[in-house]
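In the working numbering, the protein residues as written are 25 to 161.
Beta carbons are placed, not taken as given, at the ideal position from N, Cα and C, and that holds for glycine.
Here it is, written out as structure tokens:
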């Protein structure tokens, strides 16, 4: 998965998920979604869409965009929802992979400072600490 992220960033010259989506011709829309739905990826009629809950903070909107790009790159043809953990749905393998992709993308070319905790490292890079469990050194 790290190779996929590196190749994507190298090819498009950015690790910003919104810029990558534009380069990849994935239409990103900010919509009023239910509170338990942060966003989703949809591919229909050869068009690719990412919907992001407009009520999320900028930090979470960036994370959701990166997560949904993970679905676009890893799970082509499968539309998956990125549901809030407070829902009754259990994140499956596809959701875990999309979260791992998002963390790799958002931390691309970043390294923790010597002695820095993982939580501090994530906060410094504007990534919610809830995603630390998807980080592998």
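- With contacts defined by Cβ atoms closer than 8 Å, residue 94 and residue 125 form a contacting pair.
- Taking 8 Å as the cut-off, the Cβ atoms of residue 39 and residue 132 count as close.
- The bridge partners DSSP lists for residue 71 are 68.
- Separation of residue 90 and residue 152 (C-alpha to C-alpha, rounded to the nearest whole angstrom) is 13 Å.
- Within the DSSP secondary-structure output, residue 54 pairs in a beta bridge with 76.
- Its Cα nearest to that of residue 81, the residue 59 stands out among 156, 27, 59, 29.
- By the neighbour-count criterion, in which 16 or more other beta carbons inside 10 Å mark a residue as buried, residue 135 falls on the exposed side.
- At the C-beta level, residue 92 and residue 63 come within 8 Å of one another.
- Cα atoms of residue 50 and residue 42: separation of roughly 9 Å, rounded to the nearest angstrom.
- Cβ neighbours of residue 119 within its own chain (closer than 6 Å, five residues either side excluded): none.
- Note on geometry: alpha-carbon atoms of residue 48 and residue 139 lie some 37 Å from one another.
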